[in-house]
Amino acid sequence: MNSASMSIRFPYPPQSGGIIGFLNDASSLITKMEDNTLVFPVQFLTLGGDAASTIMYQSSGQQPWILGKSATHAGCTNPSILEWESGKIIMITSCKYGRREVYESTDKGNTWKEALGTLSRVWSNSLTGPWHQIQSGFITATIDGRKVILLTQLEYPRHNKGEIHLWLTDTNRIYHVGLLPTEESATSSSLLYVNDKLYCLYKAGVGSNSGAFFLDLTSWLQKIKDALSNWTAKDNELRNCSQGAAASRGECSVPFPTTGLVGHLADRFNGHEWKDEYLGVNAVVRGAAKKAPNGLTFEGKGAGAEWPVLGKQWPTIPLHFANYGFTLAATVSIHEVPTGITPLMGLKRMRNTTLLGLSFDNNMEWSVMPRSYTNYFAAWKINKTYHVVLKMHDGVGSVYVD
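Per the UniProt record's numbering, the sequence shown starts with residue 1, numbered consecutively.
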């Protein structure tokens, strides 16, 4: 194989804490952007002993490769990249505290911003396995005319045997496609989508017993297409919610915004699960509940539902963004006067500490938790429909009724 020399331009002046070398744990693919710029991810070590990730790129007609002027947080390595929108690079990394941080750059690595509101810290490193920094598949694909991201995630759920999961996202909603049928002790993996076919190449085994294996995942595309079709159909239903048949059935009275909408709970109810219409995280129902038009009616003390940020999909946390900001909206009505103060909606930290919430009482009054929040609400009425919103942004909470 012929080798090619590379001319690299370093943006960092020689100083303490400067780059002393590049790290290489796995092969890195070169990405060709829409403007013909060639980009590939790099991880480096500084004099201070910190490792971090950035990119190198070569613009069309330009001779030297240029190193990005900024990098990820220290301790985030093993990067993979893709171009999402024109000129926008998304990089996923494995970080030393156990989560996979996702970064975005629109200026070829001059600045990086962690995508805390969407994908960052959703996925974990291989928590209990011997491999902290395993290369995983991370690609874009246009399926049924819709651009999405497909990625593979290595987990060690039992007996220290690696399992590879396939995930789908549009950077807003996140869907678990399934567990891939791999050999035991799977480790690194990569994905290829071409000509409406999907393939996975992965490594399994250790040392002399290791090998590369190939999976044809084309049959899995139907499940992905079904999820995308579901997302589109639900978006259309909610956008047109105040019109036509949906309004006549009493399912809704106002149109719903779908930009940034991650999940929706309606009337898909099974046992103790209130199923997300967008196939994401389901809510857990407690106490007596029965179906109501486009929702549920809760009856009795302690009845209600919890939409968990840490749920069954642990160590993956699709709703991790809620730690930084969210808007939760609900249409509610109260059918009986309670004997005391009764919680209606709220945000709780672990160990049941209420961070933000709305309650109603036997005096027909609303109350906001914590009580340091000012309450300007009028009295509530039996059987009246209310639109309630809880909002948290930059550590500041707000409660709205109608």
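Where a beta carbon is used, it is the ideal one built from N, C-alpha and C, also for glycine.
Here the structure is a predicted model, which is why all the values come from computation and not from measurement.
Gly162 to Tyr156, Cα distance in whole Å?
In this structure, the straight-line span from the alpha carbon of Gly162 to that of Tyr156 is close to 5 Å.
C-beta neighbour in chain D for Lys197, strict 9 Å
Reference to chain D is not applicable here, since this structure consists of a single protein chain.
Contacts around Ala283, its chain only, beta-carbon distance under 7 Å, and the 5 residues preceding and following it disregarded
Non-local beta-carbon contacts of Ala283 in its own chain, meaning distances under 7 Å to residues more than five positions away in sequence, involve Leu265, Trp274, Ala305, Glu306 and Trp307 in chain order.
In terms of residue numbering, what span does the alpha helix (DSSP H) encompassing Thr232 cover?
Taken as a continuous stretch (DSSP letters only), the alpha helix (DSSP H) holding Thr232 covers Leu221 to Arg239.
Quick check on residue 490: buried or exposed, where buried means 16 or more other Cβ atoms within 10 Å of its Cβ?
Outside the modelled stretch of the chain, which goes from 1 to 402, sits residue 490, for which no answer is possible.
DSSP-derived helix/strand/coil call for Thr46
Under the three-state reduction of DSSP, Thr46 is assigned to strand.
Assuming Gly138 and Thr182 are in contact, meaning their beta carbons sit under 8 Å apart, how far apart are those beta carbons, in whole angstroms?
Looking at the sequence itself, residue 138 is Phe, so the reference to Gly does not match. That pair is no contact at about 17 Å.
Chain-order list of residues whose beta-carbon lies under 6 Å from that of Thr169 (same chain, five-residue window excluded):
Excluding residues within five positions, the ones whose Cβ falls inside 6 Å are Ile149.
Per DSSP, what kind of secondary structure is Ala322 in: helix, strand or coil?
If DSSP states are grouped into helix, strand and coil, Ala322 belongs with the helices.
Looking at C-alpha atoms only, which residue of Phe256, Thr339, Arg100 and His387 is the closest neighbour of Leu358?
Here the closest residue by C-alpha is His387.
Considering only their Cβ atoms, is the gap separating Leu296 from Phe269 smaller than 9 Å?
Yes, the Cβ-Cβ distance between Phe269 and Leu296 is below 9 Å.
Hey, how far is the Cα of Cys95 from the Cα of Met350?
The alpha-carbon separation between Cys95 and Met350 amounts to approximately 24 Å.
Sorted by chain position, which residues of the same chain lie with C-beta nearer than 6 Å to Arg146's C-beta, five sequence neighbours on each side aside?
The residues are Leu228.
To which residues of the same chain is Thr218 closer than 7 Å at the C-beta, ignoring the five residues directly before and after it?
Counting only Cβ-Cβ distances below 7 Å, and skipping sequence neighbours, we find Lys197 and Leu198.
Locate the beta strand (DSSP E) running through His176, then write down its first and last residues.
Segment Ile174 to Leu179, the beta strand (DSSP E) holding His176.
Taking buried to mean at least 16 other C-beta atoms within 10 Å of its own C-beta, is Leu47 buried or exposed?
Counting C-beta atoms within 10 angstroms of its own C-beta, Leu47 has fewer than 16 neighbours from the protein chains shown and is therefore classed as exposed.
Report the CB separation of Lys88 from Glu104 in whole angstroms; it is logged as a contact under 8 Å.
Right, the Cβ-Cβ distance comes to about 6 Å (below 8 Å), so this counts as a contact.
Quick check on the burial criterion: 16 or more other C-beta atoms within 10 angstroms. Buried or exposed for Phe22?
Classification for Phe22: exposed.
Meets three-Cβ-pair contact criterion under 8 Å: the segment 334 to 354 and the segment 175 to 189
Touching, no, given that fewer than three Cβ pairs across the two stretches are closer than 8 Å.
Under a three-way DSSP split, which group does Met350 fall into?
Helix at Met350.
Buried/exposed call for residue 405, threshold 16 Cβ in 10 Å:
Nothing can be reported for residue 405, as the shown portion of the chain is limited to 1 through 402.
Measuring straight from C-alpha to C-alpha, what distance separates Ser120 and Met56?
Approximately 22 Å between the Cα atoms of the pair.
Taking the C-alpha atoms as reference points, what is the distance between Cys76 and Ser189?
In a straight line, the C-alpha of Cys76 is about 19 Å away from that of Ser189.
Selected residue, minimal CA-CA separation from Ser53, among Leu38, Ser60, Ser59 and Lys69:
Here the closest residue by C-alpha is Lys69.
Measuring only the C-alpha atoms, how far is Ala322 from Thr142?
Note on geometry: alpha-carbon atoms of Ala322 and Thr142 lie some 28 Å from one another.
Bridge partners - Ala186, DSSP secondary structure assignment
According to DSSP, Ala186 bridges with Ala204.
Reduced DSSP secondary structure (H/G/I, E/B, other) of Asn209:
Of the three classes helix, strand and coil, the one that applies to Asn209 here is helix, per DSSP.
Thr259 by DSSP, collapsed to three states: which one?
When DSSP states are grouped into helix, strand and coil, Thr259 belongs to the coil group.
Would you report the Cα separation of Gly250 and Pro293, rounded to the nearest angstrom?
Unreliable positioning characterises Gly250 in this predicted model, as indicated by a pLDDT of 49, which lies under 50. A coordinate reading is not provided.
Per the DSSP calculation, Ile89 is bridged to which residue(s)?
Answer by DSSP bridge pairing, in chain order: Glu83 and Ser105.
By DSSP, does Thr316 sit in helix, in strand, or in coil?
Thr316 falls in the coil class under three-state DSSP.
Are the Cβ atoms of Val262 and Asn172 separated by less than 9 Å?
Their beta carbons are under 9 Å apart, which means Val262 touches Asn172 by this criterion.
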